[in-house]
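Protein chains: 2
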Amino acid sequence: MDQHIAPVPLDKASRLLNHGPTVLVSARHAGMDNVMAAAWACALDYAPPKLTVVLDKIAKTRTLIEQSGTFVIQVPTVAQLKLTYQVGHCSLTDDPNKLQHCGVGLFSIADHDLPFVSGCSAWLACKLMRESHNQQTYDLFIGEIVGAWADTRVFANGHWNFEAAAPAWRSLHYIAGGHFYAIGEAMNAVKEREKGDQEKTK
Amino acid sequence: MDQHIAPVPLDKASRLLNHGPTVLVSARHAGMDNVMAAAWACALDYAPPKLTVVLDKIAKTRTLIEQSGTFVIQVPTVAQLKLTYQVGHCSLTDDPNKLQHCGVGLFSIADHDLPFVSGCSAWLACKLMRESHNQQTYDLFIGEIVGAWADTRVFANGHWNFEAAAPAWRSLHYIAGGHFYAIGEAMNAVKEREKGDQEKTK
Chain C
1015 MDQHIAPVPL DKASRLLNHG PTVLVSARHA GMDNVMAAAW ACALDYAPPK
1065 LTVVLDKIAK TRTLIEQSGT FVIQVPTVAQ LKLTYQVGHC SLTDDPNKLQ
1115 HCGVGLFSIA DHDLPFVSGC SAWLACKLMR ESHNQQTYDL FIGEIVGAWA
1165 DTRVFANGHW NFEAAAPAWR SLHYIAGGHF YAIGEAMNAV KEREKGDQEK
1215 TK
Chain Z
1015 MDQHIAPVPL DKASRLLNHG PTVLVSARHA GMDNVMAAAW ACALDYAPPK
1065 LTVVLDKIAK TRTLIEQSGT FVIQVPTVAQ LKLTYQVGHC SLTDDPNKLQ
1115 HCGVGLFSIA DHDLPFVSGC SAWLACKLMR ESHNQQTYDL FIGEIVGAWA
1165 DTRVFANGHW NFEAAAPAWR SLHYIAGGHF YAIGEAMNAV KEREKGDQEK
1215 TK
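Residue numbers (this note's numbering), protein chains in the order written: chain C, 1015 to 1216; chain Z, 1015 to 1216.
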């Protein structure tokens, strides 16, 4: 594991998704790995942390998740713009060398038999909470987050630091037709002093 | 209705949420209106268009939605940073004049008996698809989008145009503790020529 990757406490895991980035979904079953892109992923709970992700029935990664009951949600960066688009528009069914052709590198994290995508900013290892009605009717999958990690060059001490990191670390937010926005400027709704006052009077 | 607000075709409605903005949720029942903020809202389907939103059991807006079966999801702007934070941290239960104190203005759209928040960039009128298990177990609500509108100064012809609009029109993406990011730079994963080629060979 890269020296810059550090665990994120599970009670802070939702922050990795809170700003609504497009994510990469990866899964492994019976020696087969796959990675796809998903714009429709969202935090669902803090404790235990959970998330939702929408996975179309034609997606090979969905089948791997249904079989293995586990998956990874990871946050790709501006540096991975083409990779993110390509893994979302190329199928393992049509191209058995999809991952190689899309430039996807994988790495391992101890105690998790899952394919983690190299170069992302954050990773969430998830256990599928099987909800057959949601999966069949809405293509909606719920995962309990059982492990979280981030690259300390862009997320440290429970906070994203896009404003200080290089622009290539920014998250991607997909619209349609290959068109994305990167995350932008930081802004605070409360002054530091006011926030302190609020905490005190809670 | 403001002259700049135009309907968005329902098959393009998901684009209003695709980049993962923090939203305002509003609802009306028996003469009572309320508005709250939600970072956990997500597109769910294209046709008919659907979305998910997570609503805590303590939220008064949730009760109004359960009673009326309808709600609005709207996309606030950088100009509404304080308003967005305040409606998420103040309860109608504690302050009956919450909306006034938070600076929320409401407007109407014909044929929809719902409170639409003035000054947002996009609005999605939703019909609750009652799923008791999801609502009770996960605080997860599913809405079918039955009407969509956007301010043409920032979304027109099916496309966001954050790059050309004034910075105050950018969407907000909440992290925690009053800290947000605005949406940032536009980027294309495919050149226009390549996209044309892909469409042809589909």
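Backbone N, C-alpha and C fix where the C-beta goes; we use that ideal spot for every residue, glycine too. Model, not experiment: these values are computed from the prediction.
In the DSSP annotation of this structure, the continuous segment of the beta strand (DSSP E) that includes residue 1128(Z) starts and ends at 1126–1131. Against chain Z, a Cβ distance below 8 angstroms from residue 1158(C) picks out nothing, because the smallest value is about 11 angstroms. Within chain Z, the residues placing a beta-carbon under 8 angstroms from that of residue 1152(C) are 1058, 1059, 1064 and 1156, ordered along the chain. Chain C places a beta carbon closer than 7 angstroms to that of residue 1096(Z), counting this residue as a contact. Within 10 angstroms of the beta-carbon of residue 1119(Z) lie fewer than 16 other beta-carbons, which makes it exposed. When Cβ pairs closer than 8 angstroms are counted between the two stretches, the stretch 1147–1155 of chain Z is seen not to touch the stretch 1102–1109 of chain Z, the count staying below three. In this structure, the CA atom of residue 1049(Z) is about 34 angstroms from the CA atom of residue 1164(C).
Proximity to residue 1066(Z) across 1200(Z), 1141(Z), 1188(Z) and 1195(Z) peaks at 1141(Z), based on C-alpha coordinates. A direct Cα-to-Cα measurement between residue 1039(C) and residue 1088(C) gives close to 7 angstroms. Annotated three-state conformation of residue 1167(Z) is coil, per DSSP.
Look at residue 1077(Z) here: in three-state DSSP terms it is helix. Contact check between the stretch 1164–1184 of chain C and the stretch 1132–1149 of chain C: three or more CB pairs, one atom from each, fall below 8 angstroms, which counts as touching.
Here the C-alpha atom of residue 1185(C) lies approximately 20 angstroms from the C-alpha atom of residue 1191(Z). Residue state for residue 1182(C) is assigned as helix, using DSSP reduced to three classes. From the listed residues 1077(C), 1121(C), 1092(C) and 1033(C), the smallest Cα separation to residue 1068(C) is found for 1077(C). Secondary structure note for residue 1122(Z): its beta strand (DSSP E) is the uninterrupted segment 1120–1123. In chain Z, no part has a C-beta under 7 angstroms from the C-beta of residue 1175(C); the shortest such distance is about 11 angstroms. No Cβ of chain C is located within less than 7 angstroms of the beta carbon of residue 1144(Z).
Residues of chain Z with a Cβ closer than 8 angstroms to the Cβ of residue 1179(C) do not exist; the shortest Cβ-Cβ separation is about 12 angstroms. DSSP, reduced to helix, strand and coil, places residue 1071(C) outside both helices and strands of the structure shown, so it counts as coil. For residue 1141(C), the enclosing beta strand (DSSP E) has its first and last residue at 1136–1143. Pairing residue 1202(C) with residue 1193(Z) gives a Cβ-Cβ distance under 7 angstroms. Sorting 1042(Z), 1094(Z), 1101(Z) and 1061(Z) by C-alpha distance to the C-alpha of residue 1080(Z) places 1042(Z) at the top. The C-beta distance from residue 1189(C) to residue 1029(Z) rounds to 6 angstroms, short enough to fall under 8 angstroms. Taking residue 1095(C) as the centre and dropping the five residues before and after it, the same chain places the C-beta of 1186 and 1194 closer than 8 angstroms to its C-beta, in chain order. Note: residue 1189(C) is not bridge-paired with any residue in the DSSP secondary-structure output. When rounded, the separation of the alpha-carbon atoms in residue 1058(Z) and residue 1022(Z) is 17 angstroms.
By the 16-neighbour rule on beta-carbons within 10 angstroms, residue 1061(Z) is exposed. Excluding residues up to 5 positions away in sequence, 1068 lie with their Cβ nearer than 6 angstroms to the Cβ of residue 1054(C) in the same chain. Contact of residue 1034(C) with chain Z by beta-carbon distance below 7 angstroms involves 1033, 1034, 1035 and 1187. Under the 7 angstroms criterion on CB atoms, residue 1197(C) is classed as interfacial with respect to chain Z. The C-beta separation of residue 1198(Z) from residue 1199(C) comes to about 7 angstroms, placing the pair in contact by the 8 angstroms criterion.
With respect to residue 1178(Z), residue 1093(Z) sits apart: the two C-beta atoms are not nearer than 7 angstroms. Here residue 1173(Z) carries a strand assignment [DSSP, helix/strand/coil]. Of the other Cβ atoms in all chains shown, fewer than 16 fall within 10 Å of the Cβ of residue 1017(Z); this residue is therefore exposed. When secondary structure is reduced to three states using DSSP, residue 1096(C) falls in the helix class.
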